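A.B. asks: Residue numbers for the sequence shown follow our numbering, beginning at 1360 and rising by one. A virtual CB, placed ideally from N, CA and C, is assigned to each residue, including glycine. Given the structure is predicted, the values throughout are model-derived calculations rather than measurements.
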Amino acid sequence: MSAPDTDDRGELRNFAKGGVVTLLGSVASAAAGFLMTVVVARLLGPAEAGVFFIVMALFMIFSEVTELGADTGLVRSAARLRALGRMADLRRVTVAALVPVLAVSTVTAVVLYVCAPWVASFFADPAHLDEATLFLRVAAPFLAVSAARMVVLSGMRGLGDLTAYTLVNVAMPVARPLLAVAAVGLGLGSGAVMLAWSLPVGLTFAAAAVLLWRMVRRAGTGGERDPGAVREFWLFSGARGVAAMIEILIVWLDVLIVGALVSNHDAGIYATASRFITTGTLVLAATRIAVAPQIAGLLAKGDNRTAERLNSMATGWVMIASWPLYLALACFGPFVLTLFGDGFAEGAAALAILATSMLVVMAAGNVQTVLLMGGKSSWALGNKVAALAVNVVLNLLLVPYLGIAGAALAWAAAELVDTVAAALQVRYGLGLRLGLRSLAGPGLWALFWFGGGGVVARLVAEPTALSFAAYLTVACAGYGLVLWRGRAALHMDLLVETVRRR
């Protein structure tokens, strides 16, 4: 990477500030989410946990569908309106984003509650049908505000208050395992565990709505009024809404298919193993939260050069942080899965497949976000449709014969199709360079220390806590030294400077 100009460095420093805040929040959220998975797996066991995770998957799918793309749309619109000084339209667009989402979500929640026994019959075996119905009815009321919660939080992001956004967003995953343990300690049963997962959705929605309204009022009503602002918002958000629905289907569809074609037991193992993969995206999530409003503002002003540098730096940080984790999971899956209890180690092969595919996804960084902030939600929709088709076809072909390993292969193929397509579109459609050459060195060193080191460790010792700890110690020390020596080229000096100041 070439040295940034003074103006560029200001944008990079602002990103570093936001990145530190959101990274801390993402780490806390990921740790809490991982803890909740451990709590559910240990308290309920593989079969009942499988039912729990399937209901959770359905909740997330319905929530994503009822967002209608307004979450991403409000991030982009709020950032663009602020960058262009069009604050007169901000309040109108915010209201226009929330009202349809709340209406559709409420109707969906009522239908899910009423039809819970029928929905449960599609994925739960007879022994767990009553539990599945209970889980659905406990979670359904909170579906009414789940999508609106994400839209409100997205508005806070677009207006640049990442600290408030992070605090509210982290409160939900942190509260869940605490409430779950308390519920079980009081002897309230498995339904209370689902309530512990659902209740924080409503509480954090209320807090976020109050904060966003205050921010919108403080922003004022200056600038020219554009009668087409709301129409522009929904043209973008409509395509994004369909794409987001497909995206969440890709994430959770394999869990549903495994539950339907194999068993709830295997679905529980697969869902638990796949949670490691989502936990590992915490740095990507943190940089996406911080970088999206800046990218939207820069592209709105035509400053593609700074947008390239910003995206390149963010991609470097994502890759540096995530590759070691996924290589470690691929090598030591049989050990890390035992943290969830007996029987979960069966998911080691699936975990290795998923982790390996994520190396490519993380190397592409935030190409999905750049594509959306560039206004190309229709392009992203096409990518998602292709990825979903690959996912469905391969799941139906592979799961009956390979079980959860087949589901992992299908998911990996879908993610690669989506990622490669988005990267090509950003490079040749938007004309933004990705800066991947500068990442070759850190990538190769990560493969050496964590990939090669992991293979050696598995050849000379069983995957135990002791061998895993020794492997991590050596790999982290070697890789850390490499990063320190190349910190300037990777803009790690900005990160260190920002951490010291904060």
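(1) Classify residue 1443 as helix, strand or coil using the three-state DSSP reduction.
(2) Return helix, strand or coil for residue 1621, following the three-state DSSP convention.
(3) Grouping DSSP H, G and I as helix and E and B as strand, with all else coil, what is residue 1725?
(4) Use the C-beta contact count for residue 1690: other C-beta atoms within 10 angstroms, 16 or more gives buried, fewer gives exposed.
(5) Quick check on the burial criterion: 16 or more other C-beta atoms within 10 angstroms. Buried or exposed for residue 1649?
(6) Per DSSP, what kind of secondary structure is residue 1842 in: helix, strand or coil?
(7) For the alpha helix (DSSP H) containing residue 1743, list its first residue and its last residue.
(8) Contact defined as beta carbons within less than 8 Å: I believe residue 1687 pairs with residue 1831. What is the distance between those atoms, to the nearest angstrom?
(9) What's the call for residue 1545, buried or exposed, on a 16-neighbour Cβ count within 10 Å?
(10) Going by the beta-carbon positions, is the gap between residue 1490 and residue 1603 smaller than 8 Å?
(11) Determine the burial state of residue 1503: buried for a count of at least 16 other Cβ atoms within 10 Å of its Cβ, exposed for fewer.
(12) Helix, strand or coil: which one does DSSP assign to residue 1796?
(13) Cα separation between residue 1856 and residue 1672?
(14) Report yes or no: do three or more beta-carbon pairs, one from the segment 1768 to 1778 and one from the segment 1711 to 1729, lie closer than 8 Å?
(15) Which parts of the segment 1782 to 1837 are runs of the alpha helix (DSSP H), unbroken and 4 residues or longer, counting only runs that do not cross its ends?
(16) In whole angstroms, give me the CA-to-CA distance for residue 1572 and residue 1440.
(17) Considering only residues of the segment 1472 to 1509, which uninterrupted alpha helix (DSSP H) runs meet the minimum length of 4 residues and lie entirely inside it, listed in chain order?
(18) If you pair each beta-carbon of the segment 1473 to 1480 with each one of the segment 1600 to 1620, do three or more pairs fall below 8 Å?
(19) Please determine, among 1713, 1510, 1472, 1792, the residue with the shortest C-alpha to C-alpha distance to residue 1596.
(20) Are there three or more Cβ pairs, one per stretch, closer than 8 Å when the segment 1752 to 1768 is compared with the segment 1779 to 1798?
(21) Given a cut-off of 8 Å on the beta-carbon distance, is the pair residue 1531 and residue 1651 in contact?
(22) Counting C-beta neighbours from all protein chains within 10 Å, is the total for residue 1710 16 or more, i.e. buried, or is it exposed?
(23) Taking a contact to mean a Cβ-Cβ separation below 8 Å, would you say residue 1400 touches residue 1408 in this structure?
(24) Determine the DSSP secondary structure at residue 1584, reduced to helix, strand or coil.
(25) Along the chain, where does the alpha helix (DSSP H) that runs through residue 1694 open and close?
(26) Restricting to Cα atoms, I'd like to know which of 1693, 1548, 1592, 1658 is closest to residue 1632.
(27) By Cβ distance below 7 Å, which residues in the same chain neighbour residue 1438 in space, the five residues on each side in sequence not counted?
(28) For residue 1790, count neighbouring C-beta atoms within 10 Å of its own C-beta (all shown protein chains included) and say buried if the count is 16 or more, exposed if not.
(29) Straight-line CA distance for residue 1471 to residue 1554?
(30) Quick check on this structure: which residue in 1703, 1397, 1496, 1600 has the alpha carbon closest to the alpha carbon of residue 1425?
(31) With DSSP collapsed to three states, give me the class of residue 1548.
(32) Report buried or exposed for residue 1823, applying the criterion of at least 16 other Cβ atoms within 10 angstroms of its Cβ.
(33) How would you label residue 1559, buried or exposed, when you count the other beta carbons within 10 angstroms and need 16 or more for buried?
(34) When the Cα atoms are used, what is the spatial distance from residue 1622 to residue 1606?
(35) If you measure between the beta carbons of residue 1698 and residue 1784, is that distance less than 8 Å?
C.D. replies: With the given structure in hand:
(1) coil
(2) coil
(3) coil
(4) buried
(5) buried
(6) helix
(7) 1736 to 1761
(8) 7 Å
(9) exposed
(10) no
(11) buried
(12) helix
(13) Residue placement at residue 1856 is poorly supported in this model, since its pLDDT is 49, which falls under 50; the coordinates still yield a value, given next. Cα-Cα distance, rounded: 15 Å.
(14) yes
(15) 1799 to 1805, 1812 to 1819
(16) 16 Å
(17) 1475 to 1479
(18) no
(19) 1510
(20) no
(21) no
(22) buried
(23) yes
(24) coil
(25) 1663 to 1695
(26) 1693
(27) 1517, 1652, 1655, 1656
(28) exposed
(29) 16 Å
(30) 1600
(31) coil
(32) exposed
(33) buried
(34) 24 Å
(35) no
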